[in-house]
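Below is one structure, written out as structure tokens, with a few remarks after it.
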Amino acid sequence: MTENFEVQFIDRDERTARFLVRGVSPAFANGLRRAIIADVPTLSIDSVRIIENSSVMFDEQISLRLGLVPLTTPPNEFEEGDIVTLALDVEGPETAYSGDLRSDHELVEPADTNIPIIELKYPETADSPQRLELEADAVMGRGRDHAKNQGGVAVGYRHLQTVVVEDDADEYSDSEPEILRGVIEERAAEHAVATDGTGEPENGALVATETFDNDLSKRYPDKEVSVRDVDDAFVFHVESDGSMSVDELVTNAADSLAERATELEQAVQL
Amino acid sequence: MMVPVRCFTCGKVVGEHWEEFKERAKEGDESPEAVLDDLGIERPCCRRMLVSHKDLVDIVSPYQ
Amino acid sequence: MELRVIDKESTELSIEIAGEDHTFMNVLKGALLELDTVQAATYDLNPEQSGGQTDPILTIKTDEAIDPLDVLGEAARNVQQKSENFRDAFQAAS
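Right, here's the structure in full:
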């Protein structure tokens, strides 16, 4: 069985990407989605040693907030269960930010530096300012065990869709918007109008529905249309929390599936 | 009390954008809708995290 | 990944695959069903809270001529192949 996958990016930024995959079965697409969410290990703070905390929040609340801060996880550097130590020391009146965390590994740092952890005060009635000093251990863990380890945020896929022009719309009917979200493969270019900087409609082009306000009646004015799914073609939306790039997230997920299949194959042969 | 670090529903980091949102939309006169769009907070689940948040540190700090 | 054969006949197999969940089992089931020699394949996975059997149990029925364990090996190989093909295609596109 030789299957050929075809991957095509629709849009991508630093932390989000949307890509089309052709030739995947629904089972494999879902396996990949689940693997991106639950099986790609990332670093996140797991245990905290509080040295001083005179802030208005309890130690446990602070620890929870620290756990949710995404940490950059360099590729091929760590294995599951590995530990990186971080430290934080801030004195009021000032806000402690995620960016104040210092790690003992040069490649590990908070992916977002502007997350307020806790606002520290110097109350007039107090004789010393509020202070937060702590040491924290970040552990490489999987999203399956705790959501803080999920590298992918809002990962999902949709069928690639295509629009079939059935007929002209009834001349005297009121035109109603026909809302569709996702990506369509253009197969009726002769009836389509160019929308929002996508150039002339062309058969075979991939058009994101946002470009025509998610409204088919703007793309195919005065036509009666129906929408079909394209078999075995899925449009994935992957968003990273910053711990690693989207590319790494997806390749690691595919590797984790391959690894398990290899393991099973070997176990069966015994 | 403090802004949630992540969106409860989808897990996107929203704490990162709180201070800018507060400055521009809550204290400034920009429309919250435009600011959220500008910050790249698209989904309703993430938007409500910022729109409905209130800082309480100043209110509780005298009682500590 | 630990395997435990629960029931094995010439064309039928029930096997427990410890430590796996829907992520892998559904992919594997999909790959099994793509094989012509497989008549039926399914898996049963109970939620953690159910307290009893919480590891998935895979059941395969094959044609007369072929051992279900061989079929399982072939499906696993296909999953591995697919994942690698996908990764290569993805890297080529990015």
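Residue numbers (our numbering), protein chains in the order written: chain A, 1467 to 1736; chain B, 2 to 65; chain C, 903 to 996. Where is the CB? At the ideal position from N, CA and C, for every residue including glycine. The model shown is predicted, which means the values in this text are computed figures rather than measured ones.
Runs of beta strand (DSSP E) lying entirely within the stretch 1556-1608 of chain A, each at least 3 residues, in chain order: 1560-1563, 1582-1586 and 1597-1607
Same chain, Cβ closer than 6 Å to M50/B, five either side skipped, listed in chain order: P5, C8 and V15
Assumed close pair S996/C, T961/C - CB separation to whole angstroms, cut-off 8 Å: About 38 Å; that fails the 8 Å criterion.
DSSP state of F1700/A mapped onto helix, strand, coil: strand
Boundaries of the beta strand (DSSP E) in which F1485/A is found, first to last residue: T1482 to R1488
Minimum Cβ-Cβ distance from I1581/A to chain B less than 8 Å: yes
Under the three-state DSSP convention, the category F1494/A falls into: helix
Neighbour-count burial assignment, F1524/A, 16 or more Cβ in a 10 Å radius: exposed
Where the alpha helix (DSSP H) containing F926/C begins and where it ends: H924 to L935
Any chain B beta carbon closer than 8 Å to V1522/A: yes
Buried versus exposed call for T1591/A [16 or more other C-beta atoms within 10 Å across all chains shown]: exposed
Same chain only: Cβ atoms within 7 Å of V929/C, ignoring 5 sequence neighbours per side: V981
Assigned secondary structure, N1689/A (DSSP; H/G/I helix, E/B strand, else coil): In the sequence as displayed, the identity of residue 1689/A is Lys instead of Asn. Residue state, collapsed to three classes: strand.
Cβ neighbour criterion (16 or more within 10 Å) applied to H18/B: buried
Residues from the stretch 1479-1491 of chain A in contact with chain B, defined by Cβ distance under 8 Å: none
Environment of A1604/A [buried if 16+ CB atoms lie within 10 Å]: buried
Where Y1638/A falls: helix, strand or coil (DSSP): coil
Three-pair Cβ contact test at 8 Å for the stretch 925-940 of chain C versus the stretch 948-961 of chain C: yes
Assigned exposure category for A26/B - 16 Cβ within 10 Å defines buried: buried
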